[in-house]
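Written out below as structure tokens is the structure these notes cover.
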Amino acid sequence: MGDKITDTKEHKNLSYDAIVVGSGISGGWAAKELTEKGLKTLVLERGRNIEHVKDYPTAMKNPWEFKYRTNNSNAALAERPIQSSHCDETNKHFFVKDTEHPYIQEKSFKWIRGYQVGGRSLTWGRQCYRFSDLDFEANKKDGHGVDWPIRYKDIAPWYDYVEEYIGVSGQKEGLKQLPDGKFLPPIEMNCIENHLAENVNANYTDRKVIHGRVANLTESKNGRSKCQYRNLCSRGCPYTAYFSSNGVTLKDAEVTGNMTLRANSIVKEVLYDAKLNKAIGVRVIDTITKDEIDFYARIIFLNASTIATASILLNSTSDTFPDGLGNSSQQVGHNLMDHIITSGTVGEFDGYQDKYYSGRNPGAIYIPRFQNLNGKKNKNFIRGYGLQAKGERKGWKEKNIKGFGASLKEQLAKPGKWGIWLGGRGETLPDFDNKISLNKTQKDQWGLPLVSVHFKYGSNELAMIDDMQEAAEEMLKKAGFINVTSYRSNPPPGSAVHEMGTARMGNDPKTSVLNKYNQMHDVKNVFITDGSCMSSSGSQNPSLTYMALTARACDYAVKELKKGNI
Amino acid sequence: MKRRTAIISMISASIGVTAASYIGWNYKQVTKEVKFNDLSNYKDMLADLVDLIIPETDSPGAKEVGVHYYVVLMITDAKGRKEQNNFINGLADFRDYCKDNYNTVYEKCSESDKIKVLNYFEEQGVQNGIMAKIRTKIFGKSFFRLLKELTIEGYCTSEVGATQLLAYEYVPGRYNAVITMNKNTKTWATK
Numbered sequence: 003m004g005d006k007i008t009d010t011k012e013h014k015n016l017s018y019d020a021i022v023v024g025s026g027i028s029g030g031w032a033a034k035e036l037t038e039k040g041l042k043t044l045v046l047e048r049g050r051n052i053e054h055v056k057d058y059p060t061a062m063k064n065p066w067e068f069k070y071r072t073n074n075s076n077a078a079l080a081e082r083p084i085q086s087s088h089c090d091e092t093n094k095h096f097f098v099k100d101t102e103h104p105y106i107q108e109k110s111f112k113w114i115r116g117y118q119v120g121g122r123s124l125t126w127g128r129q130c131y132r133f134s135d136l137d138f139e140a141n142k143k144d145g146h147g148v149d150w151p152i153r154y155k156d157i158a159p160w161y162d163y164v165e166e167y168i169g170v171s172g173q174k175e176g177l178k179q180l181p182d183g184k185f186l187p188p189i190e191m192n193c194i195e196n197h198l199a200e201n202v203n204a205n206y207t208d209r210k211v212i213h214g215r216v217a218n219l220t221e222s223k224n225g226r227s228k229c230q231y232r233n234l235c236s237r238g239c240p241y242t243a244y245f246s247s248n249g250v251t252l253k254d255a256e257v258t259g260n261m262t263l264r265a266n267s268i269v270k271e272v273l274y275d276a277k278l279n280k281a282i283g284v285r286v287i288d289t290i291t292k293d294e295i296d297f298y299a300r301i302i303f304l305n306a307s308t309i310a311t312a313s314i315l316l317n318s319t320s321d322t323f324p325d326g327l328g329n330s331s332q333q334v335g336h337n338l339m340d341h342i343i344t345s346g347t348v349g350e351f352d353g354y355q356d357k358y359y360s361g362r363n364p365g366a367i368y369i370p371r372f373q374n375l376n377g378k379k380n381k382n383f384i385r386g387y388g389l390q391a392k393g394e395r396k397g398w399k400e401k402n403i404k405g406f407g408a409s410l411k412e413q414l415a416k417p418g419k420w421g422i423w424l425g426g427r428g429e430t431l432p433d434f435d436n437k438i439s440l441n442k443t444q445k446d447q448w449g450l451p452l453v454s455v456h457f458k459y460g461s462n463e464l465a466m467i468d469d470m471q472e473a474a475e476e477m478l479k480k481a482g483f484i485n486v487t488s489y490r491s492n493p494p495p496g497s498a499v500h501e502m503g504t505a506r507m508g509n510d511p512k513t514s515v516l517n518k519y520n521q522m523h524d525v526k527n528v529f530i531t532d533g534s535c536m537s538s539s540g541s542q543n544p545s546l547t548y549m550a551l552t553a554r555a556c557d558y559a560v561k562e563l564k565k566g567n568i
Numbered sequence: 139m140k141r142r143t144a145i146i147s148m149i150s151a152s153i154g155v156t157a158a159s160y161i162g163w164n165y166k167q168v169t170k171e172v173k174f175n176d177l178s179n180y181k182d183m184l185a186d187l188v189d190l191i192i193p194e195t196d197s198p199g200a201k202e203v204g205v206h207y208y209v210v211l212m213i214t215d216a217k218g219r220k221e222q223n224n225f226i227n228g229l230a231d232f233r234d235y236c237k238d239n240y241n242t243v244y245e246k247c248s249e250s251d252k253i254k255v256l257n258y259f260e261e262q263g264v265q266n267g268i269m270a271k272i273r274t275k276i277f278g279k280s281f282f283r284l285l286k287e288l289t290i291e292g293y294c295t296s297e298v299g300a301t302q303l304l305a306y307e308y309v310p311g312r313y314n315a316v317i318t319m320n321k322n323t324k325t326w327a328t329k
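One line per chain: the protein sequences are D and R, in this order. Read left to right, the first sequence gives residues 3 to 568 (my numbering). Read left to right, the second sequence gives residues 139 to 329 (my numbering).
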């Protein structure tokens with residue numbers, strides 16, 4: 003990497019086989035697949051370059067090497083009033099300054115962003131869960147949104163392909179709603195997590211506590227080291243033990259010699275030629291020089307992330323597409339989804355006082371969806387949610403010790419009671435009224451219209467969060483936990499950082515933006531494989547699905563290119 | 139003492155006009171401009187206080203580790219205005235309390251009297267129940283809670299605290315999900 007264009011000689015070459023807009027988790031995959039298939043590919047990233055390892059300034063720091071001991075200072079909060087709920091002193095450099103990148107919240111919506119090479123693949127939660135036909139058939143069955151144009155069998159081999167490459171630790175469970183994958187050995191459960199698993203599995207026939215499936219290597223792989231159990235992932239991993247674009251896909255793309263990575267390049271619009279009925283390239287604003295430069299390619303992959311990709315389309319107007327590129331369906335920017343989450347439910351446990359753990363677990367455990375399954379119907383909501391959980395012994399920070407002096411010190415040094423946290427992640431229904439649009443009057447520092455987000459949870463989502471808390475509390479109480487309580491306030495939408503749906507896939511060009519290969523219905527040489535393509539949200543963490551859809555779309559795009567169809 | 143009394147009576151008289159006016163008066167106290175310069179008047183007292191909270195045992199005390207500097211840094215740079223005022227007002231209350239009850243400045247109090255004063259402030263600061271939660275929400279954390287939390291945090295995240303009082307592994311290299319503890323097993327400094 004580090005191959006961003008700086009000299010004028012390279013500027014002369016403005017034409018490529020492919021352009022990939024965005025270098026995050028799906029853009030990195032598009033870069034790898036297209037370059038490995040021999041396409042000269044320009045990868046555009048709006049943020050600064052981040053070179054793997056070299057540009058992870060905090061990765062090897064001890065707590066005492068941070069001025070505020072990892073806390074956000076008031077100055078940091080002022081720069082990132084929105085992002086700061088998701089970052090701290092150790093990783094805030096991978097989150098945008100809200101002061102520099104404003105957007106409009108018509109209603110409260112957190113747009114958490116990482117403008118840099120690698121995007122949010124540096125700071126993602128690394129949970130990897132497959133969608134099943136329960137998800138792919140949901141829209142058709144209950145009439146919300148449009149039917150997915152694919153089914154599990156279409157994507158299954160691509161899930162295999164992605165998992166084998168990125169490395170996902172987990173365990174096969176044989177659950178219909180959460181298909182098994184190609185797993186490395188799972189990260190073991192500690193004794194309180196085991197306790198919960200044994201009790202839930204015994205107390206209920208409809209649900210199961212399983213090992214989290216996480217993109218952290220439990221065995222070394224392809225020259226990448228196994229996880230060192232520091233649990234400092236979001237600072238960037240010097241061991242390349244978790245999957246990121248920077249450490250993995252972009253490295254492999256670079257090795258092909260076919261990639262040109264250009265940082266500091268905001269894509270203003272996609273250039274469209276009405277005669278050819280094709281996109282011919284993109285117009286870029288260089289954030290350093292402020293110059294506008296046009297780059298050309300035969301195919302274009304948009305992987306700028308859900309909200310940004312939709313805003314590029316909406317800003318790409320022409321006589322043919324006065325409302326934005328490929329927007330004859332009027333669906334671009336609409337059907338925005340995020341997973342609805344709770345702050346969680348906690349419980350304490352008396353017992354296992356002689357047990358502890360050694361090393362810091364970067365993963366979690368998981369209770370896959372158990373509502374509206376196998377013929378059982380919940381009376382309050384359709385679809386469902388999964389619960390993530392983590393157990394640990396209370397440490398110095400959580401222990402509320404009375405008194406001070408030598409006795410306080412002694413107690414600080416003793417591991418406290420076992421505790422567990424459960425947090426729900428629920429499916430959000432596609433709703434046309436949840437949308438992003440471009441504000442015609444307010445502009446950013448590059449003169450581009452500000453993105454405006456309008457999002458509100460519906461009654462189905464709200465019914466689900468009540469159920470998440472009740473179910474979590476009941477499971478903990480039945481398993482013998484004490485002091486079981488749920489946090490009363492829940493995070494605003496956007497907090498799951500799982501935005502999806504603003505350029506959805508579907509069979510009908512009248513009601514969807516992309517076809518079953520993530521190809522625009524209206525403009526055949528444009529492919530969109532980030533979260534915006536999602537026809538429904540499922541309850542699973544979605545990045546694995548973006549990666550699988552990207553690899554699949556790249557395969558299709560290159561075949562079509564070779565056939566001369568696009 | 140007077141500031142403190144006002145807060146307490148506000149909480150106990152949770153209804154009525156009187157309470158409302160107390161809220162107004164007290165809210166002004168915590169949202170007024172912060173007099174950071176006042177912090178320097180309490181430098182020595184603060185060093186003494188953190189060391190009373192975490193004294194030298196078989197590991198060094200908080201003063202030696204410089205935790206009082208961390209407390210001041212966090213109050214100055216990383217707390218909201220209400221808590222900054224709570225803290226600075228609290229230091230004044232603390233000094234006043236020593237004078238009112240032991241007839242001397244804090245520094246001249248005996249070790250056992252100092253501990254009595256700390257106990258008193260901890261008792262006053264105990265926050266339980268819904269009213270306490272509301273109070274914290276409106277007024278921010280109390281002086282003593284801030285002092286104690288920041289002292290513990292400053293100490294436990296220092297190199298001395300993390301590696302001598304607690305257990306710290308820079309690069310664990312493996313995860314043993316279940317281990318059996320012995321009497322020397324200490325809390326992990328980080329998670």
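Cβ atoms here follow ideal geometry from the backbone N, Cα and C, with glycine treated the same way.
For H500 (chain D), no alpha helix (DSSP H) segment is defined, and its DSSP state is neither H nor E. In the DSSP annotation of this structure, the continuous segment of the alpha helix (DSSP H) that includes M212 (chain R) starts and ends at V205 to A216. Residues of chain D with a Cβ closer than 7 angstroms to the Cβ of R312 (chain R) are, in chain order, Y231 and G361. For A315 (chain R), the uninterrupted beta strand (DSSP E) run begins and ends at N314 to T318, by DSSP. Under the 8 angstroms Cβ criterion, the region 522-530 of chain D does not count as touching the region 128-145 of chain D, having fewer than three qualifying pairs. Per DSSP, N317 (chain D) is one residue of the alpha helix (DSSP H) stretching across T308 to N317.
Neighbourhood of S296 (chain R) in chain D, by CB distance below 7 angstroms: W66, in chain order. Taking a Cβ-Cβ cut-off of 9 angstroms, the neighbours of A315 (chain R) in chain D comprise I189, E190, M191, N192, C193, E195, N196, Y359, S360, G361 and N363, given in sequence order.
Shown here, A243 (chain D) sits in coil according to DSSP, grouped into three states, outside any helix or strand. With a 10 Å radius around the Cβ and a threshold of 16 neighbouring Cβ atoms, W66 (chain D) comes out buried. Looking at the DSSP output, Y298 (chain D) shares a beta bridge with D:S17 and D:G283.
Of all alpha-carbon atoms in D:W448, D:A217 and D:T504, the one lying nearest the alpha-carbon of L327 (chain D) is that of D:T504. When Cβ-Cβ separations below 8 angstroms define contact, A300 (chain R) makes contact with chain D. In this structure N305 (chain D) touches G26 (chain D) by the C-beta definition: roughly 7 angstroms separates them, less than 8 angstroms. Contact annotation: in the region 373-405 of chain D, residues whose CB is within less than 9 angstroms of a CB in chain R are E394, R395, K396, G397, W398, K399, K401, I403, K404 and G405.
The region 303-321 of chain R makes contact with the region 224-233 of chain D; the number of CB pairs closer than 8 angstroms reaches 3 or more. Sequence-distant partners of E81 (chain D) (beyond 5 residues in either direction) whose C-beta falls short of 6 angstroms from its own C-beta, in its chain, are K99 and T101.
At a cut-off of 8 angstroms between beta carbons, A204 (chain D) makes no contact with chain R. Taking a contact to require three or more Cβ pairs closer than 8 angstroms, the region 114-133 of chain D and the region 486-494 of chain D do not qualify as touching.
Annotation note: the region 55-126 of chain D contains the following uninterrupted alpha helix (DSSP H) runs of length 4 or greater, listed N- to C-terminal: 76-81.
For the region 204-227 of chain R, the set of positions with a beta-carbon nearer than 8 angstroms to some beta-carbon of chain D reads Y208, L211, M212, D215, A216, K217 and G218 in chain order. Taking 3 residues as the minimum length, the beta strand (DSSP E) runs contained wholly in the region 447-485 of chain D are 451-456, in order along the chain. Only buried fits M470 (chain D), as 16 or more other CB atoms lie within 10 angstroms of its CB.
When Cβ-Cβ separations below 8 angstroms define contact, P198 (chain R) makes no contact with chain D.
When Cβ-Cβ separations below 8 angstroms define contact, E260 (chain R) makes contact with chain D. By the Cβ-count criterion, M536 (chain D) is buried, with 16 or more other Cβ atoms from all chains shown falling within 10 Å of its own Cβ. The three-state secondary structure of H336 (chain D), taken from DSSP, is strand.
The residues K6, E47, G49, R50, N51 and V119, in chain order, have a CB closer than 7 angstroms to that of A265 (chain D) in the same chain once the five nearest residues on each side in sequence are set aside. Closer than 7 angstroms at the C-beta level to chain R, one finds these residues of the region 216-231 of chain D: Q230 and Y231.
Straight-line spacing of the CA atoms in R285 (chain D) and P324 (chain D) works out to 17 angstroms. For the pair R71 (chain D) and F297 (chain D), the Cα-to-Cα distance works out to about 45 angstroms. Any Cβ of chain D closer than 8 angstroms to the Cβ of K275 (chain R) would place that residue at the interface, and such an atom is absent. The beta carbon of S313 (chain D) sits closer than 7 angstroms to those of I438, L440 and V453, all from its chain and outside the five residues before and after it, given in chain order. Listed as beta-bridge partners of D149 (chain D) by DSSP are no residues whatsoever. Against V309 (chain R), the close residues of chain D are Q230 and R232, in the order they occur along the chain (beta-carbon pairs closer than 7 angstroms). Cα atoms of M191 (chain D) and E287 (chain R): separation of roughly 31 angstroms, rounded to the nearest angstrom.
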